[in-house]
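Following: one structure in structure tokens, then a few remarks.
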Amino acid sequence: MAFYKEKYDAIVVGGALAGMAAALTLANKGKSVLVLERHNLPGGLTTSFVRGGTEMEATLHEMMSIGPEEAPFKIRTFLEEMGVKVNWLRVPEAYRLVVPKEKIDITLHAGFSGSTQNNVYVPGDYVAAKEIDKQYPGTFSEVNRLLNLCTAVFNAVNYLSINHMSKAQMLLKFPEFVKTCGYSTDEVFATFNLPSEVIDILKAYWIYVGSPTSELPFTIYAVLMADYLGGGSYVAKEFSHELSVRMVEACRAKGVQYEYCQDVDKILVKNGHVYGVRTKRGDEIHADYVACSAYPNRCYGNMIEPKSEVPPIAFKSANFRKMGVTCTSVVLTLDKSPEELNIKDYSVFSSETDMDLDAHWKNLHTKGPYNYLTTICLNYANPSCVPEGQTSLSITTLPLPSAYMDVKPNEYHALKRKVARSMIETVSKHLGVNLFDHILEVEVEMPHTIAHYTSNYLGGIYGYQHDMEDHIVARLQMSDDENYIKGLSFCGAHAISGDGMSPCITNGRKAAKILLDQMSEEGR
Amino acid sequence: MKIKSFLKDVGGASRVTKLRGQTLNNASSKNLYIDPINATAKALHPGPIEVVCTKVEEVSPTAKKYTFAPTNGVLPIFEAGQYVSFDLDIDGTKTTRPYSICSAPYQAQGENPFFEVTIRNGKKGTGYVSIWFYENVKEGDKFIVNLPFGHFNYEELRDSNNILALAGGSGITPFYSMAQEIANGTLDVNLTILYGSVSHKDIILEKELKEITSKTDKVKFINVISGEGEELQEGDEKGFISRELIKKYSVESDPTNAKTSYFVCGPLVMYQFVEKELKALNVPLRRIRMEVFGAPRDISQAEGYPKENINKVFKLTVRRGIDEVVIDAKACEPLAVALERAGIKNRTRCRSGECGFCRSKVVSGEFFVPKVGDGRRAADKRFNYVHACSTYPLSDIVLEIPIL
Numbered sequence: 001m002a003f004y005k006e007k008y009d010a011i012v013v014g015g016a017l018a019g020m021a022a023a024l025t026l027a028n029k030g031k032s033v034l035v036l037e038r039h040n041l042p043g044g045l046t047t048s049f050v051r052g053g054t055e056m057e058a059t060l061h062e063m064m065s066i067g068p069e070e071a072p073f074k075i076r077t078f079l080e081e082m083g084v085k086v087n088w089l090r091v092p093e094a095y096r097l098v099v100p101k102e103k104i105d106i107t108l109h110a111g112f113s114g115s116t117q118n119n120v121y122v123p124g125d126y127v128a129a130k131e132i133d134k135q136y137p138g139t140f141s142e143v144n145r146l147l148n149l150c151t152a153v154f155n156a157v158n159y160l161s162i163n164h165m166s167k168a169q170m171l172l173k174f175p176e177f178v179k180t181c182g183y184s185t186d187e188v189f190a191t192f193n194l195p196s197e198v199i200d201i202l203k204a205y206w207i208y209v210g211s212p213t214s215e216l217p218f219t220i221y222a223v224l225m226a227d228y229l230g231g232g233s234y235v236a237k238e239f240s241h242e243l244s245v246r247m248v249e250a251c252r253a254k255g256v257q258y259e260y261c262q263d264v265d266k267i268l269v270k271n272g273h274v275y276g277v278r279t280k281r282g283d284e285i286h287a288d289y290v291a292c293s294a295y296p297n298r299c300y301g302n303m304i305e306p307k308s309e310v311p312p313i314a315f316k317s318a319n320f321r322k323m324g325v326t327c328t329s330v331v332l333t334l335d336k337s338p339e340e341l342n343i344k345d346y347s348v349f350s351s352e353t354d355m356d357l358d359a360h361w362k363n364l365h366t367k368g369p370y371n372y373l374t375t376i377c378l379n380y381a382n383p384s385c386v387p388e389g390q391t392s393l394s395i396t397t398l399p400l401p402s403a404y405m406d407v408k409p410n411e412y413h414a415l416k417r418k419v420a421r422s423m424i425e426t427v428s429k430h431l432g433v434n435l436f437d438h439i440l441e442v443e444v445e446m447p448h449t450i451a452h453y454t455s456n457y458l459g460g461i462y463g464y465q466h467d468m469e470d471h472i473v474a475r476l477q478m479s480d481d482e483n484y485i486k487g488l489s490f491c492g493a494h495a496i497s498g499d500g501m502s503p504c505i506t507n508g509r510k511a512a513k514i515l516l517d518q519m520s521e522e523g524r
Numbered sequence: 001m002k003i004k005s006f007l008k009d010v011g012g013a014s015r016v017t018k019l020r021g022q023t024l025n026n027a028s029s030k031n032l033y034i035d036p037i038n039a040t041a042k043a044l045h046p047g048p049i050e051v052v053c054t055k056v057e058e059v060s061p062t063a064k065k066y067t068f069a070p071t072n073g074v075l076p077i078f079e080a081g082q083y084v085s086f087d088l089d090i091d092g093t094k095t096t097r098p099y100s101i102c103s104a105p106y107q108a109q110g111e112n113p114f115f116e117v118t119i120r121n122g123k124k125g126t127g128y129v130s131i132w133f134y135e136n137v138k139e140g141d142k143f144i145v146n147l148p149f150g151h152f153n154y155e156e157l158r159d160s161n162n163i164l165a166l167a168g169g170s171g172i173t174p175f176y177s178m179a180q181e182i183a184n185g186t187l188d189v190n191l192t193i194l195y196g197s198v199s200h201k202d203i204i205l206e207k208e209l210k211e212i213t214s215k216t217d218k219v220k221f222i223n224v225i226s227g228e229g230e231e232l233q234e235g236d237e238k239g240f241i242s243r244e245l246i247k248k249y250s251v252e253s254d255p256t257n258a259k260t261s262y263f264v265c266g267p268l269v270m271y272q273f274v275e276k277e278l279k280a281l282n283v284p285l286r287r288i289r290m291e292v293f294g295a296p297r298d299i300s301q302a303e304g305y306p307k308e309n310i311n312k313v314f315k316l317t318v319r320r321g322i323d324e325v326v327i328d329a330k331a332c333e334p335l336a337v338a339l340e341r342a343g344i345k346n347r348t349r350c351r352s353g354e355c356g357f358c359r360s361k362v363v364s365g366e367f368f369v370p371k372v373g374d375g376r377r378a379a380d381k382r383f384n385y386v387h388a389c390s391t392y393p394l395s396d397i398v399l400e401i402p403i404l
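First to last, the sequence lines map onto chains A and B.
Heads up, the first sequence is in the working numbering, so the first residue is 1 and it goes up one at a time.
Heads up, the second sequence is in the working numbering, so the first residue is 1 and it goes up one at a time.
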């Protein structure tokens, strides 16, 4: 009884978004592809679950780079080219930021008066700049200038992630990108004449890249802001699982073999070149090319067989990187409508202390209580997500795995409830409603939950931290020299573009491209 | 930094690249891989465990309690109310069965860890596996089990710490687990159990539960006897678990004040009855917890089932990877059972349609999924992904399942 072919052109380890994007890209070039996913569901963290008959989002689930149907952006375009047509719903507002200590309470919306064409944003006036100006008069031109600087950088990154360019050409075409890329976000903020509250308002999204603005490359900040505040963000109507299932279906349509419940234990290497994988079930399956969703730390540390095939430089390349954040999240179904619970917004960032991101970052290195929370009420993006009269609410923060390394199994449940209780209490205080009196269903996700369902290294969800020592521009420039084992490429949040559902799709495409280039070099 | 210098700086890309290169080169070239978070996650959900039966004890004329110890000396932590899934091979049929764990979580930890399940026999409608279990399993027998599963546990973030348990038949077992954990001081809730039986001879774990109520005020145990002319004992209630009784044993005799959480576990008929009673009492929805109760005994009775199919047998083409086999699938049985009869491994756990472990893809063919217990995600429904344990064939079917 054979379950697998003699050999595949490529095997993808991990069937989450990056793995599926890699598989689609490879299959699109006529390659035979096998995807091995350890879970019985596709999509990794892009998933949902059902409790008490109600489907719930696993955690943060907004997609960037989708864009409206009439002006599709790169991820929507890629997905549609691959035959993945998701029913996207645009989320109503970008975010509300509440910082009681600084008397900040403002809601910003995405949109700008410029236009988008072929993935290029033509600058214009940002809605958010106008909204900020209403509360902080006289700030419009500086905020708008900052957001347009972000837009210019964003355009450059989108272009450069696909095309090669000389430095001189880059300077001519993308001067804003070239001139800002050596600086942190705070350093660039300092060149704008804006009151500190306004800067704080513009920092709110920092958690979505999991790095404080003192350490965050401006390049990453710019991409984030232009994408979220320009194009807005989207969720799938039938929850994140819709995207994952549609990608699986697209894989199947392209002849990709996608297998669930297959945990890849080893990646087999001989003479510096991949030749296959072995699963925990014991199947040895052959392919000369593997796109790996496991973190390099685990791949080099525990998956390459024999171990002697891992060169010292590969360990260096994993060891030098700072691990990014993991996740603690409370997902609730509540027994009243959002209006009855005084929940007015889709997405709220709240800061219990000043918007001192270095202090918040320090706080995220602990087991809480946490001071910077993201609260999402899905009803406002997707009214049909729960039965009439109920609310879907999630409260999330993104601590560092280092805070959870010492948790013993017998401490786990009590800790989980302590973390969750504190998060629910904090949001209850903001709403003036005791949410504990309304809980129909509650699930708490911890770093260990991430580990359990994905086996991600240290329960990480965002790959490696974006900081000045591991700058996205440097990642891109050095990427060609970092393929230490031939036939092996990495996809997932730990790859070049970093965290997020859309960047993961980009990472998967890049991983496939690396393999395709090697295939053609090696005459396959 | 001055704005002017910033505007002139064109060396950023080279600088950050150099910095990254230096940082990389300064890093250790040793294998520093450790992952305590995955290790803890693995300890919490270890996958298959081998256990040995260490004791079989009669806990009523029709029920036995089985004690199992792990052969490697370690059991994962579970919460009172959760279940264990047994992997079984009965005369070539590879199947699984979920049983509520009736022992307490604290007993699964420490030096001599064990867990217990209680299995009832002799009642009309007892499944063949339970009968097999009851008649065959003895001390020294080894099994592969998986635990913990299920959501029928007290959740302090959600539930009232006053629980009124509404139990029938072997549905008493999760409450015995809770009761022991309470008596041990490791679960801080007040538990009142209304246990519906036809007569005293049907009651299981009575002696054990009464012993607990003598030890702690936090657990109360009331038999509700429905049989006509059956003898009542002190403290018994007569009839069914009716709205009057539920009201009487709720905190302040007020089911609407949200001070009581109702946990329901028992046979289907009891659910249907109790659900109606709780609704009539206007109990807030968030105060009701129902354990799943297995596949229906007779699918033809399910709402919307096209009855003309019930005696048919279809061809089920089973795809695993590039392999394909054709087996028979009776209309009256879930697809998971057809696979089991053919000896094809399939990962079922709850066997009620809820947990989704047996998620598979129907490539072609018609099927029926009962509304009760349809735990599928919206997108799965759209693309014909089904939970094989609660999916009944209505035509020949091509099914893709994981390679196990």
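For every residue, glycine included, the Cβ atom is placed at its ideal position computed from N, Cα and C.
Over the uninterrupted alpha helix (DSSP H) stretch that includes residue i, give me the two end residues.
i	result
A/S502	M501 to E521
B/Y134	Y128 to N136
A/H360	L357 to N363
B/A336	L335 to R341
B/Q22	G12 to N26
A/L224	F218 to M225
Can you list, in chain order, the residues of its chain whose CB lies under 6 angstroms from that of residue i, leaving out five sequence neighbours each side?
i	result
A/F3	none
A/I343	C377
Assuming contact is defined by CB atoms lying nearer than 8 angstroms, are residue i and residue j in contact in what I supplied?
i	j	result
A/S233	A/E57	no
A/A250	A/V84	yes
B/A329	B/P393	yes
A/N379	A/V235	no
B/N38	A/A451	yes
A/P401	A/L364	no
B/C265	B/G171	yes
Checking contacts by CB at 8 angstroms: is residue i closer than that to chain A?
i	result
B/E156	yes
B/V10	yes
B/N146	no
B/N384	no
B/F357	yes
B/P284	yes
B/P402	yes
When burial is assigned at 16 or more other CB atoms within 10 Å of the CB, is residue i buried or exposed?
i	result
B/V224	buried
B/D188	exposed
B/G127	exposed
A/P123	buried
B/R297	exposed
A/E242	buried
B/S197	buried
For residue i, which residues from the same chain have a beta carbon less than 8 angstroms from its beta carbon, with the 5 sequence-adjacent residues on both sides left out?
i	result
A/E305	K266, I267, L268, V269 and R278
B/N184	A104 and Y106
Under 8 angstroms between C-beta atoms, does residue i make it to chain B?
i	result
A/D335	yes
A/F78	no
A/F349	no
What are the start and end residues of the beta strand (DSSP E) that includes residue i?
i	result
B/R286	Taken as a continuous stretch (DSSP letters only), B/R286 belongs to no beta strand (DSSP E), as it is neither H nor E.
A/D105	I104 to L108
B/T96	T93 to S100
A/E131	Note, A/E131: premise wrong, no beta strand (DSSP E); alpha helix (DSSP H) at V127 to Q135.
Near residue i, what residues of its chain come up, given a Cβ to Cβ distance below 7 angstroms and the 5 sequence neighbours on each side ignored?
i	result
B/F78	I101, P105, A108, L147 and P148
A/L89	Y234, V235, K237, A381 and N382
B/E412	Absent from the structure is residue 412 of chain B, since the part of chain B shown begins at 1 and ends at 404.
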